[in-house]
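Its first residue numbered -16, the sequence shown is counted upward by one per residue in the working numbering. Yeah, the Cβ is synthetic: ideal placement off N, Cα and C, and Gly gets one too. None of the values given here were measured: they were computed from a predicted structure. One structure is given below, encoded as structure tokens.
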Amino acid sequence: MVTAGPTYEAIDPVRFIGNRSSGKMGFALAESAARRGAQVTLVAGPVALETPRGVTRKNVESAREMAQAVLPLVEQNPPPDCIVMAAAVADHRPSEVSAHKRKKQDLGTSPTIALVENPDILRALGVAKQGIAPLLVGFAAETQDLDAYARRKLREKGCDVLIANNVAEAGSGFGSDTNRVTILVRRGDDIDVVPLPLMPKQEVAQHIWNQLLPLLPRPGS
Ligand code: C5P
């Protein structure tokens, strides 16, 4: 199972809080897994990308919708062998959604939007992992101190592998067709660090699956 794209958190019927994720990295991962013969479900936030051949797609908009789509898939019997959370899920959402478009004249000169925390899907899966036991892969989009944040995130979110990318770097991250990522693989108390050069997202996806394949359960085991 792969998640991809941003989430949109509604303010009112016409406005939302979102982010610059294009979904390209997650879609490339889904496509590459399907090409290798995997049965892939892609849970996609609002993006303008075609569904890769052979992939089952579920469209969602908000973080809460994404959580509602992901959790039943994880609870299936058997659960997915691998969950890749490539989506850029919004950490917060407006605490209230106006039923009608907020009017400028009603808002005053410096309106505020109160936020509440969204469910952290990856962390919830990391906590539940003992029961479900798939390979859990997170993404970290950072603009500074990539290595330190990525190591911390790998531990805090309870995932097995973390794909870190510096979204502030030219040619890397949101919207771009290329990416430069570092793959962190947890091995007991140690972390293996695999830095990759800048390359098209399709090729990054191949490298990521090459790292993940030996960690996946073998068919029939
Ligand atoms: O904490 P941060 O948002 O940087 O973590 C990124 C990772 O966590 C990504 O794999 C993303 O899909 C996941 N995430 C999540 N639910 C959230 C926020 C992030 O699953 N609410």
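- Put simply, of 156, 94, 18, 174 the residue whose alpha carbon is nearest the alpha carbon of residue 3 is 156.
- Residue 41: member of the beta strand (DSSP E) spanning 38 to 42, first to last residue.
- By the neighbour-count criterion, in which 16 or more other beta carbons inside 10 Å mark a residue as buried, residue 67 falls on the buried side.
- Within the region 53 to 77, the runs of beta strand (DSSP E) at least 3 residues long that lie entirely inside it are, in chain order, 65 to 68, 75 to 77.
- When the Cα atoms are used, residue 78 and residue 200 turn out to be separated by approximately 41 Å.
- In the DSSP annotation of this structure, the continuous segment of the beta strand (DSSP E) that includes residue 118 starts and ends at 118 to 125.
- The beta strand (DSSP E) runs lying completely inside the region 120 to 174 and spanning 3 residues or more are 144 to 149, 164 to 170, given in chain order.
- Taking the Cβ atoms as the reference, residue 26 lies roughly 5 Å from residue 52, within the contact range of under 8 Å.
- The Cβ atoms of residue 142 and residue 158 do not sit closer than 8 Å to each other.
- Under a 10 Å Cβ-count criterion, residue 14 is classified as buried, with 16 or more other Cβ atoms of the shown protein chains found around its own Cβ.
- Scanning 42, 145, 24, 37 for the CA closest to the CA of residue 31 turns up 42.
- Contact between residue 167 and residue 134 holds: their C-beta atoms lie close to 7 Å from each other, under 8 Å.
- Taking residue 84 as the centre and dropping the five residues before and after it, the same chain places the C-beta of -5, -4, -3 closer than 7 Å to its C-beta, in chain order.
- Here residue 93 is exposed, its C-beta having fewer than 16 other C-beta atoms within 10 Å.
- Comparing alpha carbon positions, the residue from 18, 64, 29 closest to residue -12 is 29.
- Of the heavy atoms belonging to the ligand C5P, at least one sits nearer than 7 Å to the Cβ of residue 121.
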